[in-house]
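Under our numbering, the sequence shown is numbered contiguously, ending at residue 553.
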Amino acid sequence: MPWRGAEYPGEFPSLGWLVGEWIQRHCVIPDGDRAGEVYRLTDEMWTFLVHHYRLRPGAEYGQKAAAFTYRRSQLVRPQKWGKGPFSAAMICGEGVGPVLFDDWAEGGEVYDCRDHDCGCGWIWEYEPGDPMGRPWPTPLIQITANSEDQTANVYSALTPMIELGPLSELIPDTGETRINLPNDGRIDPVTSRARTRLGQRVTFVVQDETGLWVVSSGMVSVAETQRRGLAGMGGRSVETTNSWDPSEDSVAQRTAEARAKDIHRDHRQADPRLQYKLKADRRKIHRVVYGDSAGRGGWVDLDVIEGEAAEIIEKDLAQAERFFGNRVTAGTGSWLAKEIWQLRTQPREVEAGTQVVLGFDGSDVDDWTGIRLETLDGYQFTPTYGPDKLPTIWDPADYDGQVPRLEVAAALDEVMETYDVVRGYFDPPYWETEIDAWAEKYGEKRVVRWATWRTTQMHAACERLLTDVTKKDTTFVHDGCETTAAHVGNTRKSARPGKRYVLKKASVSQKIDVCVISVLAHEAAGDAVAAGLARPKKKPGKMIILR
């Protein structure tokens, strides 16, 4: 019998409801005055579980990871939100709970803990068409962080969560360095030092504080190795982290910016217009990002959080904003916050024949190549081309390491034919020959060589776009292109003489090319309007013949 279908708008099949109820029946609060009491999930935790365990409506019996919508999940929350105990509760579920898809219920089936050597007496009754769950036959779980102290954040919550509650009978062997599970299963804390463990088979992995996992520490390799191990077993993983510094190219950032659709991302954020340096705004931010954990019955005292944040702000505003404000914030030199850029998102259709300007920046084998357009009333967008309507952005890695120049030329032809391009700014390096040919084909007034290495001009162009994005009464909006937003977030200011700056990458591997293209397109728009090109074309006059 397949899934019964949605009973209310937006419903989807998920084992999360079953797993969550199992957690609340078996897991206890690990420490504090209420240690040993029932561990209750907040609404935010329920939401995360239901999405992480979301099933495909066509899931089939016997499938493991393939039964689920998401291959892995990422949870981004501030310090003291409760990520450690929540991760521990999920580990308990993955260790001995009903986390694997076990077909669709016909009606009358139950999940009975007694069938799985648990004497707690808990029974879950399935409705016809509900997804059923079962435990892993041999669960192999790793708790991973960049140091032993960091793994302790989860492990130190996990052991008392087991020892102080009903799970103590089912999992009697909780050691300091590992936990033995039934049927030869185990839970191991792992760091980058434990190379021999990293290649082991695994069914579930918690990757803790991945905002600190960077190439130099070896943790990017750790993440990749564990994902390969999970793939071989049909297992899945969860990342938990504070927000990260986007200049560090961490695992958390890579996950957040990945184009893969089978990753669930849960990053609670406040209105980016609120300024963290202002105490009143900071309070509003904290209320949003701490959510249920600071609400009635919660464990977070926002006055204490404010005190901690205020002290850190004295030395490092960005660090406080990441730790307690849950914001992705660069340490120094940030040009324009990705979140502020995204506030200007207002997608709309641009009709063929509309007057537009164009920005183009080309590369060859490393950086990206792209085209952005802007209407003369301030709407910027990435056009599409070809039968598949692909965006005019080319990552050489998608084309055997080299930008497809003929495809770029074909895309430009289509753009020029579709829209009334009144002016285009083209950055010449690597594309001098093509730009010369385009200027001859389309005209020197439409194809203008605009070198981005000129400090004075580039600084002014950057300031123009920055101002028009951030000013209160702005009319500038854009299409919400995800690649453009990522490149804007990767961009930093590099100081030059005369109190000027140019744009640079936050790190070697992070791209900013489409951000530069947006600067060029907006500069072209401003110059076109100043030159009077936005005036409507005169209609042909009528001849009146008097008889």
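Built from N, CA and C at the ideal position, the CB exists for glycine as well. The structure presented is a predicted model; accordingly, all values stated were derived computationally and were not measured.
Just how far apart, CA to CA, sit Y59 and Y76?
In the sequence shown, the residue the question calls residue 59 occupies position 53. In the sequence shown, the residue the question calls residue 76 occupies position 70. Roughly 8 Å separates the two Cα atoms.
Let me check understanding here. Comparing Cα to Cα, which of A415, P435, A151 lies closest to S198?
Residue mapping note: residue 198 aligns to position 192 of the sequence shown, counting from 1. The shortest Cα separation from S198 among A415, P435, A151 belongs to A151.
For R553, which of helix, strand or coil comes out of DSSP?
Locating residue 553 in the sequence shown gives position 547, counting from the first residue. Annotation note: pLDDT 49 at R553 (below 50); position unreliable, no value reported.
Under 8 Å by Cβ, that's how I've got Y296 and W87 pegged, so tell me the actual separation to the nearest angstrom.
Reading the sequence shown from its first residue, position 290 is the one you call residue 296. Reading the sequence shown from its first residue, position 81 is the one you call residue 87. About 6 Å separates the two Cβ atoms, so the contact holds.
Going straight from the alpha carbon of S513 to that of E230, what length do you get?
Within the sequence shown, residue 513 is the residue found at index 507, counting from 1. Within the sequence shown, residue 230 is the residue found at index 224, counting from 1. If you take the alpha carbons of S513 and E230, they lie about 20 Å apart.
For the beta strand (DSSP E) containing L61, name the first residue and the last one.
Sequence index remark: in the sequence shown, residue 61 carries index 55 (1-based). L61 -> no beta strand (DSSP E), and no H or E assigned at all.
Helix, strand or coil: which one does DSSP assign to L382?
For the purposes of this step, residue 382 is identified with residue 376 of the sequence shown, where counting begins at 1. Here DSSP, grouped into helix, strand and coil, assigns L382 to coil.
Straight-line Cα distance separating D277 from E320
Locating residue 320 in the sequence shown gives position 314, counting from the first residue. Locating residue 277 in the sequence shown gives position 271, counting from the first residue. Each residue's Cα considered, the two are about 23 Å apart.
Among E175, R354, D194, the one whose alpha carbon lies nearest that of T183:
For this step, residue 183 is matched to residue 177 along the sequence shown. It is D194 whose Cα lies nearest to the Cα of T183.
Which whole-angstrom value describes the C-beta separation of R452 and V428, a residue pair presumed to lie in contact below a C-beta threshold of 8 Å?
For the purposes of this step, residue 452 is identified with residue 446 of the sequence shown, where counting begins at 1. For the purposes of this step, residue 428 is identified with residue 422 of the sequence shown, where counting begins at 1. Cβ-Cβ separation between R452 and V428: approximately 7 Å, consistent with a contact (criterion under 8 Å).
S256: first and last residue of the uninterrupted beta strand (DSSP E) it sits in
Position 250 of the sequence shown holds residue 256. Neither: S256 is in no beta strand (DSSP E) and is coded neither H nor E.
Checking the sheet assignment: what are the DSSP bridge partners for L396?
Stepping through the sequence shown from its first residue, residue 396 is reached at position 390. Per the DSSP secondary-structure output, L396 pairs in a beta bridge with Y391.
In angstroms, rounded to a whole number, what distance separates the CA positions of K556 and T476?
Outside the shown range of the chain (7 to 553) lies residue 556, about which nothing can therefore be said.
Look up D367 in the DSSP assignment and give the residues it is bridged to.
Within the sequence shown, numbered from 1, the residue matching residue 367 stands at position 361. Bridge pairing for D367: G376, D433 [DSSP].
What separation, rounded to the nearest whole angstrom, lies between the Cα atoms of I185 and C33?
Within the sequence shown, the letter at position 179 stands for residue 185. Within the sequence shown, the letter at position 27 stands for residue 33. If you take the alpha carbons of I185 and C33, they lie about 16 Å apart.
Rounded C-alpha distance that separates L21 from M225
As a working mapping, residue 21 is identified with position 15 in the sequence shown. As a working mapping, residue 225 is identified with position 219 in the sequence shown. Rounded to the nearest angstrom, the two C-alpha atoms are 31 Å apart.
Hey, would you say D108 sits closer than 9 Å to E66, going by beta carbons?
Residue numbering aside, residue 108 sits at position 102 when the sequence shown is read from its first letter. Residue numbering aside, residue 66 sits at position 60 when the sequence shown is read from its first letter. It is not a contact, given that the beta carbons lie outside the stated cut-off.
Rounded to a whole number of angstroms, what is the C-alpha to C-alpha distance between D519 and V102?
In the sequence shown, the residue the question calls residue 519 occupies position 513. In the sequence shown, the residue the question calls residue 102 occupies position 96. Taking the straight line joining both Cα atoms gives about 48 Å.
What are the uninterrupted segments assigned as alpha helix (DSSP H) that are 4 or more residues long and contained completely in the region 420-475, given in chain order?
438-448
Reducing DSSP to helix, strand and coil, say where D251 ends up.
What you label residue 251 is simply residue 245 of the sequence shown in a count that begins at 1. Note: D251 maps to coil in three-state DSSP.
Just tell me which of I129, T375, M138, T48 has its CA closest to the CA of D404.
Along the sequence shown, one-based indexing puts residue 404 at 398. The option with the nearest alpha carbon to D404 is T375.
Please tell me whether L81 and F92 are closer than 9 Å, where the distance is taken between their beta carbons.
Locating residue 81 in the sequence shown gives position 75, where the first residue counts as 1. Locating residue 92 in the sequence shown gives position 86, where the first residue counts as 1. Yes.
Three-state secondary structure (DSSP) of E66
On the sequence shown, position 60 is the one that residue 66 refers to. Correct three-state label for E66: coil.
From the DSSP output, read off the bridge partner residues of G139.
Walking along the sequence shown from the start, residue 139 turns up at place 133. Paired residue(s): F107.
Burial state of Y14, where buried means 16 or more other Cβ atoms lie within 10 Å:
The count along the sequence shown starts at 1 and reaches residue 14 at position 8. Exposed: under 16 other Cβ atoms inside 10 Å.
Please say whether W341 and L472 have beta carbons closer to each other than 9 Å?
Within the sequence shown, residue 472 is the residue found at index 466, counting from 1. Within the sequence shown, residue 341 is the residue found at index 335, counting from 1. Going by C-beta atoms, L472 is nearer than 9 Å to W341.
Taking the alpha-carbon positions, what's the G365 to E254 distance?
Mapped onto the sequence shown, residue 365 falls at position 359. Mapped onto the sequence shown, residue 254 falls at position 248. Roughly 28 Å between the two C-alpha positions.
Give me the Cα-Cα distance between P188 and V196, rounded to the nearest whole angstrom.
By 1-based counting over the sequence shown, the position of residue 188 is 182. By 1-based counting over the sequence shown, the position of residue 196 is 190. For P188 and V196, the distance between alpha carbons rounds to 20 Å.
Close-in-space but distant-in-sequence residues of the same chain around W347 (CB under 7 Å, 5 per side omitted)
Here residue 347 refers to the residue found at position 341 when the sequence shown is read from its first residue. V475, A491, V494.
Backbone secondary structure at G217 - three-state DSSP:
Start at 1 with the first residue of the sequence shown, and residue 217 comes out as number 211. Helix, per DSSP.
Can you give me the C-alpha to C-alpha distance between E133 and G113, rounded to a whole angstrom?
The count along the sequence shown starts at 1 and reaches residue 133 at position 127. The count along the sequence shown starts at 1 and reaches residue 113 at position 107. Distance between the alpha carbons of E133 and G113 is about 6 Å.
Taking all protein chains shown into account, decide if E43 is buried (16 or more other Cβ within 10 angstroms of its Cβ) or exposed.
The count along the sequence shown starts at 1 and reaches residue 43 at position 37. With fewer than 16 other Cβ atoms within 10 Å, it is exposed.
Which residue comes first and which comes last in the alpha helix (DSSP H) that contains S524?
In the sequence shown, the residue the question calls residue 524 occupies position 518. S524 -> alpha helix (DSSP H) spans 519-536.
Can you tell which of T481, A95, D190 has the C-alpha that lies nearest to the C-alpha of Y161?
Here residue 161 corresponds to residue number 155 of the sequence shown, with the count starting at 1. Closest by alpha carbon: A95.
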